[in-house]
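Read through the structure below, which is laid out as structure tokens, and then see the notes.
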Amino acid sequence: MKKSVLFALTLTALTVMLTLGGCGRTNTSGPNNGNVVTIYNSAFSPTPLTVAVGTTVTWKNGDSTAHTATADNSSAFHFDTGGISPGAASAVTFTQAGTFEYFCNLHPAMRGKIVVL
Ligand SMILES: [Cu+2]
Numbered sequence: 006m007k008k009s010v011l012f013a014l015t016l017t018a019l020t021v022m023l024t025l026g027g028c029g030r031t032n033t034s035g036p037n038n039g040n041v042v043t044i045y046n047s048a049f050s051p052t053p054l055t056v057a058v059g060t061t062v063t064w065k066n067g068d069s070t071a072h073t074a075t076a077d078n079s080s081a082f083h084f085d086t087g088g089i090s091p092g093a094a095s096a097v098t099f100t101q102a103g104t105f106e107y108f109c110n111l112h113p114a115m116r117g118k119i120v121v122l
């Protein structure tokens, strides 16, 4: 009897925590939400995104057209996700420190920046 009361209380506490935890929802969108750049309305967000060396950054395309994340020619680290279809994602691992500017190869006015510390 006592055990079942304790169990009920634990369940209640868990439910309250899950309900109040505002970050619960965002954590489901990726392995680490701080390493995700969302593409929406032909813009990268957040930009700049600051990450630690060794971090894998994922671009998620929430638009209805394809986009890329392509490093500037002058970038010390060249990366290119290629076309990311609507609803799809592509990831790049940053293994060196620096500031890496990129753009969308299909819409060059779209620009972003990754700062690796
Ligand atoms: Cu684009």
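Heads up, the sequence shown is in my numbering, so the first residue is 6 and it goes up one at a time.
Where is the CB? At the ideal position from N, CA and C, for every residue including glycine.
Since this is a predicted model, take the numbers as computed values, not measurements.
If we ignore side chains and look at the alpha-carbon of each, how far apart do alanine 74 and glycine 39 end up? Here residue 74 refers to the residue found at position 69 when the sequence shown is read from its first residue. Here residue 39 refers to the residue found at position 34 when the sequence shown is read from its first residue. So the alpha carbons of these two residues sit roughly 17 Å apart.
For the candidate residues Ser80, Thr98, Thr100, Gly88, whose alpha-carbon lies nearest to that of histidine 72? In the sequence shown, counting from the first residue as 1, residue 72 sits at position 67. The residue with the shortest Cα to Cα distance from histidine 72 is Gly88.
Kindly examine ligand 1 and report whether one of its heavy atoms sits closer than 6 Å to the Cβ of leucine 54. In the sequence shown, counting from the first residue as 1, residue 54 sits at position 49. No; taking the cut-off as 6 Å, the Cβ of leucine 54 has no heavy atom of ligand 1 nearer than that.
Leucine 111 CB to nearest heavy atom of ligand 1 below 6 Å: By one-based count along the sequence shown, residue 111 stands at place 106. Distances between the C-beta of leucine 111 and the heavy atoms of ligand 1 include at least one below 6 Å.
Quick check: does the Cβ of histidine 72 come within less than 6 Å of any heavy atom belonging to ligand 1? Along the sequence shown, read from residue 1 onward, the residue named residue 72 stands at position 67. The answer is yes for histidine 72.
Meets three-Cβ-pair contact criterion under 8 Å: the stretch 88-98 and the stretch 62-72: yes
Run the CB neighbour count on leucine 122, radius 10 Å, all protein chains shown included, and call it buried at 16 or more, exposed below. If you number the sequence shown from 1, residue 122 lands on position 117. Answer is exposed; the Cβ neighbour count stays below 16.
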